[in-house]
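S.K.:
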Amino acid sequence: MPVPRQARPAAEVTSHIWPSGGRHLWASGGTSAAQTHARGHLVYAASGILAVHTERGTSIVPANRVAWTPAGFTHDHRAHGDTDMRIVFLAPSHARLLPERPAVFLASGLAREVLLALTGPGNYDDATPGYRRPARVRLLRVLVDELREAHEQPLHLPEPRDDRLRAVARMLYETPADNATLAELGRTIGASPRTLSRLFHTELGMTFYEWRTQLRVYHALVLLADGRDTTQTAHACGWANPSGFIAAFRAIIGTTPGRYRADRWAPPRSRSSFAR
Numbered sequence: 001m002p003v004p005r006q007a008r009p010a011a012e013v014t015s016h017i018w019p020s021g022g023r024h025l026w027a028s029g030g031t032s033a034a035q036t037h038a039r040g041h042l043v044y045a046a047s048g049i050l051a052v053h054t055e056r057g058t059s060i061v062p063a064n065r066v067a068w069t070p071a072g073f074t075h076d077h078r079a080h081g082d083t084d085m086r087i088v089f090l091a092p093s094h095a096r097l098l099p100e101r102p103a104v105f106l107a108s109g110l111a112r113e114v115l116l117a118l119t120g121p122g123n124y125d126d127a128t129p130g131y132r133r134p135a136r137v138r139l140l141r142v143l144v145d146e147l148r149e150a151h152e153q154p155l156h157l158p159e160p161r162d163d164r165l166r167a168v169a170r171m172l173y174e175t176p177a178d179n180a181t182l183a184e185l186g187r188t189i190g191a192s193p194r195t196l197s198r199l200f201h202t203e204l205g206m207t208f209y210e211w212r213t214q215l216r217v218y219h220a221l222v223l224l225a226d227g228r229d230t231t232q233t234a235h236a237c238g239w240a241n242p243s244g245f246i247a248a249f250r251a252i253i254g255t256t257p258g259r260y261r262a263d264r265w266a267p268p269r270s271r272s273s274f275a276r
């Protein structure tokens, strides 16, 4: 990231794991080791932002998304901003109702509350009875039904395989504000713009400009989590003015950067503390 981070108080590293799920509170920049699970699982960031990486690419999971990773997919997580990550494992009877590939869904208000309930202290505190099995099964079915009715809304950065695309991606990851055209980037790596354009379509399923916009919004989410304001973030990610950034951000995330940033750090009851 070319822009230095602003200091933010580090969160206490806390972890609770139980057979049906788990909860991690990570300081910004925390990462997990690559891992594979025998059951598929959902992850949700009650605060902060998660990046979920699999062989298919990287999905960014802000507060209004839920990420699904099926059983058997190797994956790792990275936290941007102090992040409260919730995990719910699904039995095969529920997992079969979701895609057989990694996916990211728009999270309804009900889905978020169910996720918080299924991963709250009643699940791991011996002094609290928590949800008994019949109630948990009902909540899981509600959660899966909510996700099945939701549209998939990934902020997904597919992983390039072609060496030429990898070179372009590496340059733009390092300098997301670079406004070089595809022809200019092609001259740098020794590939024609027509070849690169074809590779973006066939390998990544999007145009170069769509991919770069996704990349820039990803970097914008990281900067907003680090406390940058809308204008600073717009310029750092390559937009000439905040209005263009706001329009692109709203088209992908579904809200404005200012509202997103305010909601991220506001203390409503569902995000007020780790004691939830």
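Its first residue numbered 1, the sequence shown is counted upward by one per residue in the UniProt record's numbering.
Note that CB positions come from ideal geometry on N, CA and C, so glycine has one too.
Fair warning: this is a prediction, and the values are worked out from it, not measured in the lab.
1. For Arg269, which of helix, strand or coil comes out of DSSP?
2. Please go through the same chain and pick out, in chain order, the residues whose beta-carbon is closer than 7 Å to the beta-carbon of Gly186, but skip the five residues on each side of it.
3. Run through DSSP, which three-state label would Trp211 get?
4. So, at 7 Å on beta carbons, what are the nonlocal neighbours of Trp211 in its own chain, with the 5 sequence-adjacent residues on each side left out?
5. Taking the alpha-carbon positions, what's the Arg78 to Ser59 distance?
6. Provide the residue span of the alpha helix (DSSP H) that contains Thr233, from first to last.
7. Would you tell me roughly how many angstroms separate the C-alpha atoms of Asp229 and Gly258, rounded to the nearest one?
8. From which residue to which residue does the beta strand (DSSP E) around Ser243 run?
9. Would you say Val66 and Leu50 are within 8 Å of each other, going by their C-beta atoms?
10. Quick check on DSSP: helix, strand or coil for Pro158?
11. What did DSSP end up calling Ser108 once you bin it into helix, strand or coil?
12. With a threshold of 16 other CB atoms inside 10 Å of the CB of Gln35, please say whether the residue is buried or exposed.
13. Straight-line CA distance for Arg86 to Tyr209?
14. What would DSSP say about Met85, mapped onto helix, strand or coil?
15. Is Tyr209 close to chain C? Criterion is C-beta to C-beta, closer than 8 Å.
16. Which of the three DSSP states, helix, strand or coil, is assigned to Arg164?
17. Mind checking His80: buried by the 16 CB within 10 Å criterion, or exposed?
18. Within 10 angstroms of its Cβ, does Leu90 collect 16 or more other Cβ (buried), or is it exposed?
19. Taking contact to mean 3 or more Cβ pairs, one atom from each stretch, closer than 8 Å, check whether the region 131-145 and the region 160-176 are in contact.
20. On a CA-only basis, which of Leu110, Ala95 and Ser108 is nearest Leu42? Give me that one, please.
21. Between Ala33 and Ala262, what straight-line distance do the alpha-carbon atoms span, to the nearest angstrom?
22. Could you pull the start and end residues of the beta strand (DSSP E) that Arg65 belongs to?
23. With burial defined as no fewer than 16 other Cβ atoms inside 10 Å of the residue's Cβ, what is the status of Ala63: buried or exposed?
24. Taking Arg23 as part of the beta strand (DSSP E), name the residues at either end of that continuous run.
M.R.: For this structure:
1. Low confidence applies here, because Arg269 scores a pLDDT of 42, under 50, leaving its location unreliable and the question unanswered by this model.
2. Counting only Cβ-Cβ distances below 7 Å, and skipping sequence neighbours, we find Ser192, Pro193 and Leu196.
3. Of the three classes helix, strand and coil, the one that applies to Trp211 here is helix, per DSSP.
4. Once the five neighbours on either side are set aside, the close Cβ partners of Trp211 are Phe200 and Leu204.
5. Rounded to the nearest whole angstrom, the CA to CA distance from Arg78 to Ser59 is 11 Å.
6. From DSSP, the alpha helix (DSSP H) with Thr233 extends over Thr230 to Ala236.
7. Cα to Cα, Asp229 sits roughly 8 Å from Gly258.
8. Note, Ser243: premise wrong, no beta strand (DSSP E); alpha helix (DSSP H) at Pro242 to Ile253.
9. Contact flag unset, no.
10. In the three-state reduction of the DSSP assignment, Pro158 falls in the strand class.
11. Coil, per DSSP.
12. So Gln35 ends up on the exposed side.
13. Straight-line Cα distance between these residues: approximately 33 Å.
14. If DSSP states are grouped into helix, strand and coil, Met85 belongs with the strands.
15. Of the protein chains in the structure, only one exists, and it is not chain C.
16. The DSSP-derived three-state label of Arg164 is helix.
17. Classification of His80: buried, given that the 10 Å Cβ count is 16 or more.
18. Per the 10 Å Cβ criterion, buried.
19. Touching, no, given that fewer than three Cβ pairs across the two stretches are closer than 8 Å.
20. Nearest to Leu42 by C-alpha distance, out of Leu110, Ala95 and Ser108, is Ala95.
21. Approximately 31 Å between the Cα atoms of the pair.
22. Per DSSP, the unbroken beta strand (DSSP E) holding Arg65 starts and ends at Arg65 to Thr69.
23. That one is buried.
24. Note, Arg23: beta strand (DSSP E), Gly21 to Trp26.
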